[in-house]
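Colleague: Protein chains in written order, with the working numbering: chain A, 1 to 284; chain B, 1 to 163.
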Ligand SMILES: Cc1cc2nc3c(=O)[nH]c(=O)nc-3n(C[C@H](O)[C@H](O)[C@H](O)COP(=O)(O)OP(=O)(O)OC[C@H]3O[C@@H](n4cnc5c(N)ncnc54)[C@H](O)[C@@H]3O)c2cc1C
Ligand code: FES
Ligand code: FES
């Protein structure tokens, strides 16, 4: 399994990287951890005449948490997301979800930027980013712009990002909300059959805010406003959970594949949404 | 497409290799450097037989381009002990029947080596979770886990004394 030949570039700064993308247009693509891209290149499902390796660009690295705002460089690996104690305190759902991605070797290489920029509906971080209401910074020939995770995904492998833009960072608010990332998969290292990210806050015994997003149940991640709305103002008891699940299922459009027929996808989605709500509520 | 000069450190020794950027690290190690300890099992990023250590990370060398390893510091199974001797993990796998055909073993031991660096006192659950990227098709995982737990104990006299 050898990919088609390519020229390899390893720019030291973001401007140099953008210049290479501009020069080669469609014939260039960036590589982060390579753990989505290299398998595709080996299968010759992706051909990349000019591969632009981001590993030396220091400005894409590191996690900072300041004034309640979390900033994660695009090149931060899933392993770093798991081991960073500051992040675990500011947004514990990140560690919970990252631990359910792939296996240890893949997590040492795979980056958050690659995971969210890829546009594969199977990736876990995009739904999580929608749940957290994250903003992505995209840097291109005209400078930087921010795009909300909730507006970023257009279809399978199709996103708001222009070909000449590089995702540099991900930002969201630190949160003390109750949280859960529940994922059904066939085995360790597998993509989700269905997964749900839930964050809830509580005012006394009443749910005061709710964010719910779903993974691999449509050709994009799904931020289900209806499911969240069904919980706000309730006690998150069985009736409220049932209503939220029904609203969530209304928003998805799963397809049949080797993880099961459509009816099973709905069943798995139902289980993941209700479990994640119950678990997030218990932690709220 | 042109070949490039790749310089990398493997098991403490600096090597200069001329390779196409698309060459996979596992092929560079096995074919150019003749380090055939790391194996190719699935070639699809799943089995972990090709695991080596790169800049302090366990990586599947079938899913890294040679070009990405430019400047990297790599340890393979050959680098874990002097020739003719066994490292604690190797000894422990032998002692506790941690291998049968041995195909997965270099990947298992290289991965376990990093796991114990990061977590010298793992629980059995930590070991199972930390070894989840390595598949074995014949020994069964019971004895592999036992071997790694025993090696951790061996490396950790303080823990043993406390028990
Ligand atoms: C065995 C296995 C199991 C896996 N299981 C899971 C799983 O359960 N859940 C999951 O979510 N993922 C899973 N993955 C995928 C893994 O998490 C990838 O590492 C991740 O999806 C992509 O990150 P990367 O850094 O490797 O990106 P790359 O593979 O380097 O890039 C992926 C794509 O994103 C683009 N890209 C990368 N970085 C940027 C950037 N900064 N700006 C713009 N574009 C960029 C690239 O051009 C490419 O098109 C698995 C992978 C393997 C091999
Ligand atoms: S050969 Fe690399 S993971 Fe199987
Ligand atoms: S010992 Fe045979 S595959 Fe593991």
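By construction, the Cβ of each residue, glycine as well, lies at the ideal position given by its N, Cα and C atoms.
Helix, strand or coil for residue 43(B) per DSSP?
Modeller: Here residue 43(B) refers to the residue found at position 43 when the second chain is read from its first residue. Note: residue 43(B) maps to coil in three-state DSSP.
Colleague: Do we get a CB-CB distance below 8 Å when we pair residue 68(B) with the residues of chain A?
Modeller: Residue 68(B) sits at position 68 when you count from the first residue of the second chain. With 8 Å as the cut-off, residue 68(B) counts as an interface residue toward chain A.
Colleague: Return the first residue and the last residue of the beta strand (DSSP E) that residue 207(A) is part of.
Modeller: By one-based count along the first chain, residue 207(A) stands at place 207. For residue 207(A), the enclosing beta strand (DSSP E) has its first and last residue at 206-215.
Colleague: Taking residue 46(B) as the query, report the chain A residues whose CB atoms sit under 9 Å from its CB, ordered along the chain.
Modeller: Taking the second chain and counting its residues from 1, the one referred to as residue 46(B) is at position 46. Simply 103 and 189.
Colleague: What distance in whole Å lies between the Cβ atoms of residue 11(B) and residue 76(B), which are believed to be in contact at a cut-off of 8 Å?
Modeller: Here the question's residue 76(B) lines up with position 76 in the second chain. Here the question's residue 11(B) lines up with position 11 in the second chain. Contact holds; Cβ gap of about 6 Å.
Colleague: Going by beta carbon distance, what residues of the same chain come within less than 8 Å of residue 65(A), once the five residues before and after it are set aside?
Modeller: As a working note, residue 65(A) is residue 65 in the first chain. Closer than 8 Å at the Cβ level, and outside the excluded window around residue 65(A), lie 71, 86, 87, 90 and 174.
Colleague: Secondary structure at residue 185(A), three-state DSSP: helix, strand or coil?
Modeller: By one-based count along the first chain, residue 185(A) stands at place 185. Here residue 185(A) sits in coil by DSSP.
Colleague: Using 10 angstroms around the beta-carbon of residue 60(B), count the other beta-carbons present and answer buried if the total reaches 16, otherwise exposed.
Modeller: Stepping through the second chain from its first residue, residue 60(B) is reached at position 60. Residue 60(B) comes out buried.
Colleague: Applying a beta-carbon distance threshold of less than 9 Å, which residues of chain A neighbour residue 21(B)?
Modeller: Mapped onto the second chain, residue 21(B) falls at position 21. Those within 9 Å of residue 21(B) in chain A are 5, 6, 7, 8 and 51.
Colleague: Cutting at 7 Å between CB atoms, please list the residues of its own chain near residue 114(A), excluding the five before and the five after it.
Modeller: Within the first chain, residue 114(A) is the residue found at index 114, counting from 1. If we look at residue 114(A) and ignore the five residues flanking it on each side, its Cβ neighbours are 32, 33 and 36.
Colleague: Could you tell me which chain A residues have their CB closer than 9 Å to the CB of residue 149(B), listed as they occur along the chain?
Modeller: Residue numbering aside, residue 149(B) sits at position 149 when the second chain is read from its first letter. Within chain A, no residue comes near residue 149(B); the closest Cβ sits about 17 Å away, beyond 9 Å.
Colleague: Confirm, please, whether the CB-CB distance from residue 107(B) to residue 150(B) is below 8 Å.
Modeller: The count along the second chain starts at 1 and reaches residue 150(B) at position 150. The count along the second chain starts at 1 and reaches residue 107(B) at position 107. No, Cβ-Cβ distance for residue 150(B) and residue 107(B) is not below 8 Å.
Colleague: What residues does ligand 3 have around it, judged by CB closer than 5 Å to any heavy atom, in chain order?
Modeller: 99(B), 100(B), 101(B), 103(B), 104(B), 136(B), 137(B), 138(B) and 139(B)
Colleague: Strictly below 7 Å CB to CB, what residues from chain B border residue 108(A)?
Modeller: Locating residue 108(A) in the first chain gives position 108, where the first residue counts as 1. What residue 108(A) touches in chain B: 57, 58 and 59.
Colleague: For residue 92(B) and residue 146(B), I'd like the C-alpha separation in whole angstroms.
Modeller: Counting from 1 along the second chain, the entry for residue 92(B) is found at position 92. Counting from 1 along the second chain, the entry for residue 146(B) is found at position 146. Roughly 9 Å between the two C-alpha positions.
Colleague: In chain A, which residues lie with their C-beta within 8 Å of the C-beta of residue 43(B)?
Modeller: Locating residue 43(B) in the second chain gives position 43, counting from the first residue. Neighbours of residue 43(B) across chain A, judged by C-beta separation under 8 Å: 1 and 42.
Colleague: What does the Cβ neighbour count give for residue 7(A), buried or exposed, with the cut at 16 atoms within 10 Å?
Modeller: Translated into positions along the first chain, residue 7(A) becomes position 7. Counting Cβ neighbours within 10 Å, residue 7(A) comes out buried, since at least 16 surround it.
Colleague: Between the Cα of residue 248(A) and the Cα atoms of 257(A), 221(A), 234(A) and 233(A), which residue gives the shortest distance?
Modeller: If you number the first chain from 1, residue 248(A) lands on position 248. When each option's Cα is compared against that of residue 248(A), the closest is 221(A).
Colleague: Apart from the five residues just before and just after residue 202(A), which ones in its own chain have a Cβ nearer than 6 Å to its Cβ?
Modeller: In the first chain, residue 202(A) corresponds to position 202, counting from 1. Correct list, in chain order: 284.
Colleague: If you compare alpha carbons, which of 103(A), 69(A) and 30(A) is closest to residue 190(A)?
Modeller: Within the first chain, residue 190(A) is the residue found at index 190, counting from 1. Among 103(A), 69(A) and 30(A), the Cα nearest to that of residue 190(A) is on 103(A).
Colleague: CB residue 116(A) to CB residue 166(A), shorter than 8 Å?
Modeller: In the first chain, counting from the first residue as 1, residue 116(A) sits at position 116. In the first chain, counting from the first residue as 1, residue 166(A) sits at position 166. Their beta carbons are not under 8 Å apart, which means residue 116(A) does not touch residue 166(A) by this criterion.
Colleague: Taking 7 Å as the limit between beta carbons, can you name the residues of its chain near residue 67(B), skipping five residues before and five after?
Modeller: Here residue 67(B) refers to the residue found at position 67 of the second chain. Here the set comprises 4, 6 and 21.
Colleague: Answer with buried or exposed for residue 170(B), where buried requires no fewer than 16 other C-beta atoms within 10 angstroms of its C-beta.
Modeller: Shown here, chain B extends from 1 to 163; a query on residue 170(B) therefore has no answer.
Colleague: Taking the Cβ atom as the reference point for each residue, do residue 197(A) and residue 213(A) lie within a distance shorter than 8 Å?
Modeller: Counted from its first residue, the first chain places residue 197(A) at position 197. Counted from its first residue, the first chain places residue 213(A) at position 213. Their beta carbons are under 8 Å apart, which means residue 197(A) touches residue 213(A) by this criterion.
Colleague: Applying a beta-carbon distance threshold of less than 9 Å, which residues of chain A neighbour residue 140(B)?
Modeller: Working through the second chain from its first residue, we reach residue 140(B) at position 140. In chain A, no part has a C-beta under 9 Å from the C-beta of residue 140(B); the shortest such distance is about 16 Å.
Colleague: Taking 8 Å as the CB-CB cut-off, is residue 65(B) touching chain A?
Modeller: Within the second chain, the letter at position 65 stands for residue 65(B). Chain A, which has a Cβ nearer than 8 Å to the Cβ of residue 65(B), makes this yes.
Colleague: Helix or strand or just coil, what does DSSP make of residue 153(A)?
Modeller: Here the question's residue 153(A) lines up with position 153 in the first chain. DSSP places residue 153(A) in strand when its eight states are reduced to three.
Colleague: To the nearest angstrom, report how far apart residue 53(A) and residue 242(A) are at their CA atoms.
Modeller: In the first chain, the residue the question calls residue 53(A) occupies position 53. In the first chain, the residue the question calls residue 242(A) occupies position 242. About 47 Å.
Colleague: For residue 183(A), which residues in the same chain have their Cβ closer than 6 Å to its Cβ, ignoring the five residues on either side in sequence?
Modeller: Numbered from 1 along the first chain, position 183 holds the residue referred to as residue 183(A). Here the set comprises 100, 192 and 195.
Colleague: Would you mind telling me which residues of chain A sit closer than 8 Å to residue 212(B), beta carbon to beta carbon, in chain order?
Modeller: A question about residue 212(B) goes unanswered here, because the residues of chain B that appear run from 1 up to 163.
Colleague: Give a yes or no on whether the minimum CB-CB distance between residue 237(A) and chain B is below 8 Å.
Modeller: Your numbering for residue 237(A) matches position 237 in the first chain. For residue 237(A), the answer is no, since every Cβ of chain B falls outside 8 Å of its Cβ.
Colleague: Alpha carbon to alpha carbon, what distance is there between residue 136(A) and residue 148(A)?
Modeller: The residue labelled residue 148(A) in the question sits at position 148 within the first chain. The residue labelled residue 136(A) in the question sits at position 136 within the first chain. In a straight line, the C-alpha of residue 148(A) is about 6 Å away from that of residue 136(A).
Colleague: Let's test the definition: count the other Cβ atoms within 10 Å of the Cβ of residue 43(A) and tell me whether it reaches 16, buried, or not, exposed.
Modeller: Here residue 43(A) is taken as the residue at index 43 of the first chain, counted from 1. Residue environment: residue 43(A) is assigned as exposed (fewer than 16 neighbouring CB atoms within 10 Å of its CB, all protein chains considered).
Colleague: Tell me, please, whether the CB atom of residue 108(B) is closer than 8 Å to any CB atom in chain A?
Modeller: Against the second chain, residue 108(B) aligns to sequence position 108. Using beta-carbon distances, residue 108(B) does not count as an interface residue toward chain A, since no partner is under 8 Å.
Colleague: Which chain B residues sit within Cβ distance under 9 Å of residue 34(A)?
Modeller: Numbered from 1 along the first chain, position 34 holds the residue referred to as residue 34(A). Below the 9 Å Cβ cutoff, chain B contributes 63, 64, 65 and 68 as neighbours of residue 34(A), in chain order.
Colleague: Determine which residues of the stretch 93-120 of chain B have a Cβ less than 8 Å from any Cβ of chain A, and write them out in chain order.
Modeller: 111 and 115
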